[in-house]
Structure formats: structure tokens, C-alpha cells
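First residue of the sequence shown? That's 586 in the working numbering, and the numbers climb one at a time after it.
One structure below.
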Amino acid sequence: MSLRHKILLLLLAIMVPIALLLSSGIYHFVANNERSVWQSRQSDASTFAATAVYDFLVRIQDLLYVVGAHEHDVVEEHSELLNTYLANNPAILEIILTDPSGRSIGNAFRDKPLLGDLFTLPQSRWFAVAKAGGMYVGGLQVAADNDPYIVMAAPATGGGTVAARVKMDILWDVVGNISFGKSGHAYVVTADGGIIAHPDPAVVLAHTTLQDRPELFLQTTTPDTWSGNYENFEGIVVQSVARAIPGTDWTIVAEVPISEAQSTSRLAVTFFLFGVLLFGTLVIAPIYWALRRLVIQPLATVRAGALEIASGNLNYRIDLPQRDEIGQLAADFNVMVGELQARNVELSAKTDALSAEVIEHQATQAALRSLNETLEARIAERTRDLEAANQDLIRSNRELQEFAFVASHDLQEPLRKIQAFGDRLLERYAPLLDERGQDYLRRMQASSERLQTLIDALLTYSRITTKAQPFVPTDLNQIAVDVLADLDTRIAETGGRVCVGELATVCADPLQMRLLIQNLVGNALKFHHPERSPHVTVTGAWRDNQDVSSPNGHDVRRVYALQVSDNGIGFERDYAERIFQMFQRLHGRSEYEGTGVGLAICRKIVERHGGTIVATAEPGRGATFMILLPERQAATAPSTDEQRMANNGQTG
């Protein structure tokens, strides 16, 4: 971009913000005044309409109170009384007087007796409100002949009610006569969003509703009036004023399109911008001519000289007679060219020496590129291996989460239905079945209960990592007290005894520590020797580490050794590793109940805490479980299975 263009842009950059700032100020000034004028006109229109509607409704209410004040026997004896009221009030289509039970005392109508013919009149909303002593004003209704009306009701003498069907013509005429500007209009909206009066009757007859629309903003605020801008239900951006109609939950909305409300301000800004453009042209032209003569042309001479010297002609000098800054620049440029001539010879000698260094440097760069390519290939290969392992780990975790969801919802819901329908069969139809049928039902219930227990165990196993809690200081003494309280019934049933030594506070997940101790003590009570009562001991002590390494790779100097021993049935040494696997049972279900998941849960908990668990036992002489937990835990210690998957790229 040339200098002259930059100067022009600079002048424009100065003029345009000033013009825009002034235009914005003028626009806001005119727009605010214009908005105030329109809002005043809309407020006056809405106030007039609200007053007219209110007066109309008050007249109807007064009529209802007058009719309701008559004694019932007077209305029954003078049947023409209601017709007289009807004839004197052309806005009324029908009027009816009832006793407290909803029986019609008198009824007068112009077209047809819609209120008097209702078999469910005592269940009508208007009857209930009026009987309770309130004034009822209903929403818009349309008869079979498309004649719209509303129902108004009031309490009457003796606990009865009086109601009337009111024509909407007067209300529609009030709204239709309100106009401001070319396209401003008003309409009436009920609290539930229904439009009951509009200049276009088709809008009302189409049962147009404004639920959750800005037009109903007044219904959620305390003032009687509200104003603002929004896009109305016809898709037109409007300026609106809404006013509550006294004595009702109706709102009169006065709208005018923004395009009309802001037409004057836009026209004012247009004329102002045109004037600024004309003024700017008259100001910028002489300024640009002076700058071109004093700056642009001398700089063009300096530029031409620079190009000549750049082409290799170091004998060229710039001839510029000016004595200002640009002339001084040309003189300095000539001095610089002289110095370049002197240095040119010196640079030629140094160039030869640098050429040799460049050749040597290029050889070094080539060797480095070769090494980098080899290193990048190795890094890329290792990165691919790590990404593959990571994808396997992600897939494994996702499958575990999907399993947990299936177990918690897709499996448990049909299982609960099986149990529920089985219970109903046993409760209602057991006497109709023979002994074999009843036995089948009991077997089905027992199987569903075992499946429920297995699903709960699998959920517990999967949530050890997916629903784990942070590690915090955990008092194992309190954990043991809570576990013994939970197992109190089982201890009493087996006649057993559980002795807990002095335990320590460790960094762990409290819920998982409770599940670990409860599973180990519960197993010791369950697998007790049939010839003696179970005796379980729980002890713990800190000791120097020999076998456990921290999950984050740091050295673990101390571990906490938690030991659970019993005098139960024990097991063969060959099963010391197998018992920690999923669904592994050393005994039949008829001998000992269980799912075969409890010890697998224990191992997963210990491994998540970066520790180890081992079991030793002798058949008939009991078993001992030793858990080693590191003194310090990582923020979220992964399980050994997760470490193994991350290192080998295999799913668990």
C-alpha cells in the first residue's frame, strides 16, 4: 500500500470514528425521544382500553349482583324478570340463577340456553368459584356458530349463584378502535396466554396462545405496566407497552413495529452522515494536496535513489534541496552509501572465510538431521504403541462402565419384574397349583434372588474404580466398629467371636476399607468349621516395606500390615491364588451361599490402594489374609489391572 493511500486511510480513520460517534449520539438522542413519545401514546391507548374493559366488566358484575340479590321464590314467580334484565343489557347472551345445589331457579337467553342445559353445571368452574363467594371471569369460548363469549359468575342470595354469557363484541370494538401510527394496535391476553380480543378476529377465533412469550411478561412482575422490545407472535420486532386490567388477570398489550417507531431516528442519522461525508470531502482534499507536495513527492525521490543504489550503483547520490527532515534523511542516506562502499571490500574478504564455515556447518547439520530422523522414527513407533495401549485401556474402561449400566438398569429392571410377578403368583395362585407347581415357583424365586445378589456383587466390583472416592485419613478402628455392628446378627447366629486389636489411621478410601474388612470378616464367619464356633482376629501394625512399590513409581518405605485370621474350614494351598478370581467357588452352593465375587472385590480394592493381598490356609485349621497398604497414596491410585493394561496395551 502506497504512502498516499495510508495518509488517506489515516484521515478517514480520524473522520469516520468522529462521524460514527456523533451519529450514535444523535441516533440515541432522537431514538430515546421518539421511544418516549411512542411509549406515551401506547401507554395512553392501553390505559384507555384497560379502563374501558374494566368499566364494561364492572357493569356486568353490578348486573350479576343485582340479579343475585333477588329471592329465589320471586324469580320463580316472575319468570319475565330475567328476560327484562336481558333485554336492557344487549351485551348479555344468557343469564341464569341457581340454588346452592346447582338447580336452575331462572334462565333467560337470546340464542340458546348453553348454561342452563349443562347437566354438569354443579361441576362447572364458574359455579364452584361463585358458590365459594368469589367473582368469576372466564376465558374466551366459542359456540357452535362461531359466536365468541365469556362466562361471568357471582354469588347470589341464599348460597346460590348467578352467571351470564357475555358477548365479546364490545370488547372487540374497544380493541379495534385503538390505533397509533400506521400499524400500531392493541389486544387483550389472559394469564394463561390466550388472546381474547384482537383487531383481527381471526387471531382470536384461531385460539392463538402466547405461552412463555414476552407479551406475558407483566404476569410475572409486580408493577401494573411494563414496556420493552421483543419479536411478537407474528414474527415482527415490536415496541410494546402492557398494562394490567383491574379486577382481572387480563393484560392489554399495545404494540407498534420497531421499523415504524424508529423511522425518524434512522432518517436523522442518514441526513447527518450525508452532511459529514460532504464536510469531510471539503476538509480532506486541501490537506491531502499539501501532504503530497511536502511529504509524498520528496519521499518518492528518496525511494527512487534507494532503488538505484540497491541495484548495485554505490556511486549514486540522492539530490534533494530540502532542508527539512526528509532532506536530512537523504543526506544521511548518501553518507551511508559511502560507508557501504568502504565496507564492501572488507565483506568480500570475510565472505570467503564464511563460505568454508558454511560448508562445515552444512555437514554438521546433515549429521544432526540423520540422527533426528532416527530418533523421530523411534519416538513415533513408541507413541503408536502407547496410543494403542491407551485405546485398549479406554475401551476396557468404557466396556466396564457399559456393563455397570446394564447391570444397574437393563438387568435389574426385568429381574425385579420377575420377582414381583413371582411373588404375586405365590400369593394369589399358589392354592390353585399342585405341589410340583409350587415347588417350581419357589425355585424360580430362589434363582432370581441369587441373580440379584450376583448383579449387586458385580456392580460393587465395577464401581471400585468407576465410583471411587478420594483417599483421606481413615481410622480403621472406627471402620472395624461399624463392620461389627453390621455383622452383629451373623455373629450371634453362628455363636462366633471377633477380636479386633488396636488398628491405625491410614490414607485410604473409607467406603472401600469398610467393604474390604466386612468381606473378609464375613467370609470367616460363613466358612466356619461345623464342629466349633468361629473365632476371628483382626490385627494390624506398621512395618518396613519389602514387597510393595508405590503406584506412582516412588519408593515406599513403610507399609501397614492388616491381618484377618480365623479357625474355619481353610483350603488347600493350590487354591491360594484361585480364590481371588471372579466366580471361583471351592464349595457347592448347597454347602455355603455366595457369589464367588467377594474376594475378587477385596483384591481389586487393595490393588487400587497400591497394596497386595495374600492368603494362607490349611484344610480344617483356618485361614489368614494379609493385606499390605503403602504409607502414602497417590491422588488416585490405579489398580494393578489398570497398570497392567496401560503397560502391555491389553484389556482386563
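Where is the CB? At the ideal position from N, CA and C, for every residue including glycine.
Taking the continuous beta strand (DSSP E) assigned at residue i, which residues delimit it?
{"i": "P842", "result": "836–842"}
{"i": "L1214", "result": "1207–1215"}
{"i": "R1128", "result": "1120–1129"}
{"i": "M737", "result": "733–740"}
{"i": "N898", "result": "Neither: N898 is in no beta strand (DSSP E) and is coded neither H nor E."}
{"i": "N814", "result": "810–816"}
{"i": "H770", "result": "770–774"}
{"i": "E1162", "result": "Taken as a continuous stretch (DSSP letters only), E1162 belongs to no beta strand (DSSP E), as it is neither H nor E."}
{"i": "S689", "result": "689–694"}
{"i": "A1089", "result": "No beta strand (DSSP E) holds A1089; DSSP gives it neither H nor E."}
{"i": "P1058", "result": "1057–1060"}
So, helix, strand or coil for residue i, using DSSP?
{"i": "T1074", "result": "helix"}
{"i": "G1237", "result": "Confidence at G1237 is low in this model, with a pLDDT of 31, below 50, so its placement is unreliable and no value can be given for it."}
{"i": "L905", "result": "coil"}
{"i": "S848", "result": "helix"}
{"i": "R1082", "result": "strand"}
{"i": "I1040", "result": "helix"}
{"i": "T833", "result": "coil"}
{"i": "S981", "result": "helix"}
{"i": "Q726", "result": "strand"}
{"i": "I780", "result": "strand"}
{"i": "L595", "result": "helix"}
{"i": "R798", "result": "coil"}
{"i": "A1200", "result": "strand"}
{"i": "G1173", "result": "Since pLDDT at G1173 reaches only 47, below the 50 mark, its modelled position is unreliable, and the value read off the structure follows with that caveat. Note: G1173 maps to coil in three-state DSSP."}
{"i": "R1117", "result": "coil"}
{"i": "G1138", "result": "The predicted position of G1138 is uncertain, since its pLDDT is 49 and thus under 50; no value can be drawn from it."}
{"i": "S955", "result": "helix"}
{"i": "F765", "result": "strand"}
{"i": "Q1054", "result": "coil"}
Find the nearest neighbour of residue i within the set the options, judged by alpha-carbon distance.
{"i": "G643", "options": "C1187, V622, P707, P831", "result": "Note that residue 643 is Val in the sequence shown, not Gly. V643 has its Cα closest to that of P831, out of C1187, V622, P707, P831."}
{"i": "D909", "options": "E924, A889, L884", "result": "L884"}
{"i": "A1126", "options": "K1111, R980, E1087", "result": "E1087"}
{"i": "P1215", "options": "E1203, R1193, G1207", "result": "R1193"}
{"i": "Q1004", "options": "Y1014, V922, Q1030", "result": "Q1030"}
{"i": "N900", "options": "N929, Q882, I911, E661", "result": "N929"}
{"i": "S689", "options": "L671, P675, R969, S664", "result": "S664"}
{"i": "F712", "options": "G779, A748, T849", "result": "A748"}
{"i": "D917", "options": "S896, A891, E942", "result": "A891"}
{"i": "W757", "options": "I781, A776, L595", "result": "I781"}
{"i": "Q624", "options": "Y670, V651, Q824, M921", "result": "Q824"}
{"i": "A1161", "options": "A1208, V773, G761, V727", "result": "A1208"}
{"i": "A1128", "options": "A1146, R750, E1116", "result": "Note that residue 1128 is Arg in the sequence shown, not Ala. Ranking the options by Cα distance to R1128, first place goes to A1146."}
{"i": "P675", "options": "W835, F641, H657", "result": "F641"}
{"i": "F694", "options": "G687, A672, S709", "result": "A672"}
{"i": "E1116", "options": "R1142, G1107, N1152, V1144", "result": "N1152"}
{"i": "R1217", "options": "Q913, V1182, R1143, E1203", "result": "R1143"}
Starting from residue i and walking both ways along the alpha helix (DSSP H), at which residues does that stretch end?
{"i": "T794", "result": "Taken as a continuous stretch (DSSP letters only), T794 belongs to no alpha helix (DSSP H), as it is neither H nor E."}
{"i": "I1102", "result": "1095–1111"}
{"i": "I712", "result": "Checking the sequence, you will find Phe at residue 712 rather than Ile. From DSSP, the alpha helix (DSSP H) with F712 extends over 710–716."}
{"i": "T886", "result": "882–895"}
{"i": "A1280", "result": "Outside the displayed range of the chain (586 to 1237) lies residue 1280, so it cannot be described from this structure."}
{"i": "D1151", "result": "Where D1151 is concerned, there is no enclosing alpha helix (DSSP H), although the beta strand (DSSP E) it sits in stretches over 1143–1151."}
{"i": "D754", "result": "754–761"}
Just checking: is the beta-carbon of residue i within a distance shorter than 7 Å of some beta-carbon in chain B?
{"i": "S1150", "result": "This model lacks chain B altogether; it includes just one protein chain."}
Compare the beta carbon distance of residue i and residue j with 7 Å and say whether it is the shorter of the two.
{"i": "K767", "j": "L678", "result": "no"}
{"i": "A738", "j": "A717", "result": "no"}
{"i": "I1102", "j": "I1164", "result": "no"}
{"i": "V826", "j": "S621", "result": "no"}
{"i": "G724", "j": "V841", "result": "no"}
{"i": "I1154", "j": "H1114", "result": "yes"}
{"i": "V1083", "j": "L1069", "result": "yes"}
{"i": "T746", "j": "T833", "result": "no"}
{"i": "Q1054", "j": "D1094", "result": "yes"}
{"i": "L1110", "j": "G1080", "result": "no"}
{"i": "V652", "j": "Y639", "result": "no"}
{"i": "A635", "j": "V759", "result": "no"}
{"i": "L1213", "j": "G1196", "result": "yes"}
{"i": "V774", "j": "V822", "result": "no"}
{"i": "F818", "j": "L790", "result": "no"}
{"i": "V1123", "j": "V1149", "result": "yes"}
{"i": "T810", "j": "R798", "result": "no"}
{"i": "L706", "j": "G687", "result": "yes"}
Any chance you could list the alpha helix (DSSP H) runs of at least 4 consecutive residues sitting entirely within the region 597–685, in chain order?
657–662, 665–673
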